[in-house]
Amino acid sequence: MGKPISGFSKLSKSKKIDWIVDTYFSNKEAATKVLKQYWNNNEKLQQLHDEFIENTITNYYLPLGVAPNFLINGKLYTIPMAIEESSVVAAASKAAKFWLDRGGFKTQVLSTVKIGQVHFMYKGDTARLRAFFALVKPKLIEACKPITLNMEKRGGGILDIELVDKTSELDTYFQLHAKFETLDAMGANFINSCLEQFAKTFVEAAKSFESFTEEEQDIQIVMSILSNYVPECLVRAEVSCNIEDLNDGFAMSSEAFAEKFVQAVRIAEVEPYRAVTHNKGIMNGIDAVVLATGNDFRAIEAGVHAYASRHGKYSSLSHAKVENGIFTFWMELPLALGTVGGLTRLHPLVKLSLEMLHNPTAKDLMQVVAAAGLAQNFAALKSLTTTGIQQGHMKMHLMNILNQFEASNEEKLLLIDFFKDKTVSHNSVSEALEKLRQQNILKP
Ligand code: MEV
44 MGKPISGFSK LSKSKKIDWI VDTYFSNKEA ATKVLKQYWN NNEKLQQLHD EFIENTITNY
104 YLPLGVAPNF LINGKLYTIP MAIEESSVVA AASKAAKFWL DRGGFKTQVL STVKIGQVHF
164 MYKGDTARLR AFFALVKPKL IEACKPITLN MEKRGGGILD IELVDKTSEL DTYFQLHAKF
224 ETLDAMGANF INSCLEQFAK TFVEAAKSFE SFTEEEQDIQ IVMSILSNYV PECLVRAEVS
284 CNIEDLNDGF AMSSEAFAEK FVQAVRIAEV EPYRAVTHNK GIMNGIDAVV LATGNDFRAI
344 EAGVHAYASR HGKYSSLSHA KVENGIFTFW MELPLALGTV GGLTRLHPLV KLSLEMLHNP
404 TAKDLMQVVA AAGLAQNFAA LKSLTTTGIQ QGHMKMHLMN ILNQFEASNE EKLLLIDFFK
464 DKTVSHNSVS EALEKLRQQN ILKP
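Position one of the sequence shown corresponds to residue 44 (this note's numbering), numbered consecutively onward.
Written out as structure tokens, the structure reads:
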């Protein structure tokens, strides 16, 4: 049974652990040992991680893998990926290699506009509010100068602010809908600071706007926050080749493969149940790079799935066609990413990942991430439409099953070889390992 506690955040890390193991664990020593074995020996490094969040008790490892051979706009990349799912890095690497020999990925940033909104309630005449907004708009921008000065020096800043009447959807609800260019920063703090300043200036100025009635002067701010829906921060990634070049030693002809592949994409375009899984496969690649480069994968997920529903029905992010003997597979998606600020300067592995990617600008990173997503989607659809997904998946999953059974390194090598041409399942691995152990052939 749990119990409430006050002042938990003020306890030292060790005291926090003591309380947790006392409250929740029967084997307190074992639980403490597991938590502490993930602490880094380097105290300074550990402290850095402790201070990323509140109430840190230990570190939670995810593997950082790399997918080499990504040719993107003629430049070679090895892409860092932080992910727990066993087949993702292997699939990305395979797809990268496949397209390396066929011209690589062509990517392009289509737009980089980010959005923030001040949501407020106004009881009164809309025409008078519009007149007030026209008057106050330059003041809203001016009052933000201390926040925007540096960003403006680099070529970014506030692009525009619009007054939006939402009263048809919610009584007395209006917004200031603002657009920003945040260059290499993801820009969350910049945008939110500007929005909060807009709100302050707006409310203050309303109080002395003489055309307003007393009630109209009393504008109620509900909240000021950026939007993770960024349909104007778009990147496109594409691969294409002659149909005959598609052949990769699979059992069907290149034409049949291309046709089946396009059908698979069409299904994801029209069928939401399939689209969700199809896009999940894309996000396997995207999230892994987003995480490795210290970006906010929840923001990316939220924005991408909203974009996938922009026509009122959830649909595929990627598309494919065969035209004049050319197979083309592409996708456009919103990615608000940063390569400065946030974790990028703080987390040593994020710094390392960015350096591995040639220290990209945010625009470069958008393109790398989009290529990783498209590669992942290509790999999944290629497997699904040829061998089926389980063959590759279970091969990669074999190691997880072997680890669950605490197989030794020798046992692992023998069983990986044994399962080369056999179907992997929890049961089949358990049986094979059992047999191996009974035969005692591995014991010295
Ligand atoms: C598994 O993580 C992702 C896939 O299901 C994606 C797909 O079905 O396209 C293989």
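Every residue, glycine too, gets a C-beta built ideally from N, C-alpha and C.
- request: Just confirm the distance between the C-beta atoms of Gly-381 and Met-194, as a whole number of angstroms; I'd bet it's less than 8 Å.
  value: Incorrect: roughly 13 Å between the Cβ atoms, too far for contact.
task: List the residues that DSSP assigns as beta-bridge partners of Trp-373.
output: Glu-281 and His-362
- prompt: So which of Val-152, Asp-144 and Leu-178 has the shortest CA-CA distance to Phe-413?
  reply: Just to set this straight, residue 413 is Ala in the shown sequence, not Phe. Measuring from the Cα of Ala-413, the nearest candidate turns out to be Val-152.
Contact test: Thr-320 Cβ vs the ligand MEV heavy atom, cutoff 7 Å: yes
- request: Output the distance between the C-alpha atoms of Val-467 and Gln-419, rounded to the nearest integer angstrom.
  value: 22 Å
- prompt: Hey, how far is the Cα of Ser-57 from the Cα of Asn-98?
  reply: 11 Å
query: In terms of alpha-carbon separation, which member of Asn-102, Leu-105, Glu-398 and Thr-121 lies closest to Pro-111?
result: Thr-121
Separation of Tyr-350 from Lys-486, as counted between CA atoms: Legend: pLDDT at Lys-486 = 46, less than 50; position of this residue unreliable, value from coordinates given subsequently. Distance between the alpha carbons of Lys-486 and Tyr-350 is about 57 Å.
message: Using DSSP's beta-bridge definition, name the partner residues of Val-383.
response: Per DSSP, Ala-228.
query: In this structure, does DSSP put Met-266 in helix, strand or coil?
result: strand
field: Within the stretch 177 to 217, ranges of the alpha helix (DSSP H) (whole runs, at least 4 residues)
entry: Counting only runs of 4 or more, we get 188 to 196.
field: C-alpha distance - Gln-240 paired with Ala-186, whole-angstrom precision
entry: 7 Å
query: What three-state label does DSSP hand Tyr-120 in the structure shown?
result: strand
- prompt: Is the beta carbon of Ile-432 within less than 7 Å of some heavy atom of the ligand FAD?
  reply: Of the ligands one can find in the structure shown, namely the ligand MEV, none is the ligand FAD.
message: According to DSSP, simplified to helix, strand and coil, what is Pro-111?
response: strand
task: Identify the continuous alpha helix (DSSP H) that holds Phe-163 and give its terminal residues.
output: Unbroken run through Phe-163 is the beta strand (DSSP E), 157 to 164; no alpha helix (DSSP H).
- request: Go to Lys-149, then tell me how far its beta strand (DSSP E) extends in each direction, as first and last residue.
  value: 149 to 152
Ala-221 (DSSP reduced to helix, strand or coil): strand
- request: Assign Thr-191 to buried or exposed, taking buried as 16 or more other Cβ atoms, counted over all protein chains shown, within 10 Å of its Cβ.
  value: buried
message: Assuming the contact rule is C-beta atoms closer than 8 Å, Thr-215 and Met-164 should be a hit. Round their C-beta distance to whole Å, please.
response: 5 Å
query: With C-beta atoms as the reference, is Ala-423 less than 8 Å away from Ala-379?
result: no
Own chain, CB closer than 7 Å to Asn-443, minus 5 neighbours either side, in chain order: Ser-129
Enclosing alpha helix (DSSP H) for Thr-66 [first to last residue]: 56 to 67
task: Could you pull out every residue in the same chain whose Cβ sits closer than 7 Å to the Cβ of Leu-202, ignoring the five residues on either side in sequence?
output: Only Val-156, Lys-222, Phe-223 and Glu-224 meet the Cβ criterion.
message: When you compare the CB positions of Leu-114 and Ile-100, do they come within less than 8 Å of one another, or not?
response: no
- request: Quickly, what does DSSP pair Ala-125 with across the bridge? List them, please.
  value: Leu-107
Sequence ranges, alpha helix (DSSP H) only - wholly within the stretch 332 to 358, length at least 4: 340 to 351
- request: For Glu-94, name the three-state secondary structure that DSSP assigns.
  value: coil
task: Could you name the residues of the same chain whose beta carbon sits closer than 6 Å to that of Asn-338, not counting the 5 residues immediately before and after it, in chain order?
output: Leu-380
- prompt: DSSP on Lys-486, reduced to helix/strand/coil?
  reply: For Lys-486, the predicted model reports a pLDDT of 46, less than 50, meaning its position is unreliable and no value from the coordinates is stated.
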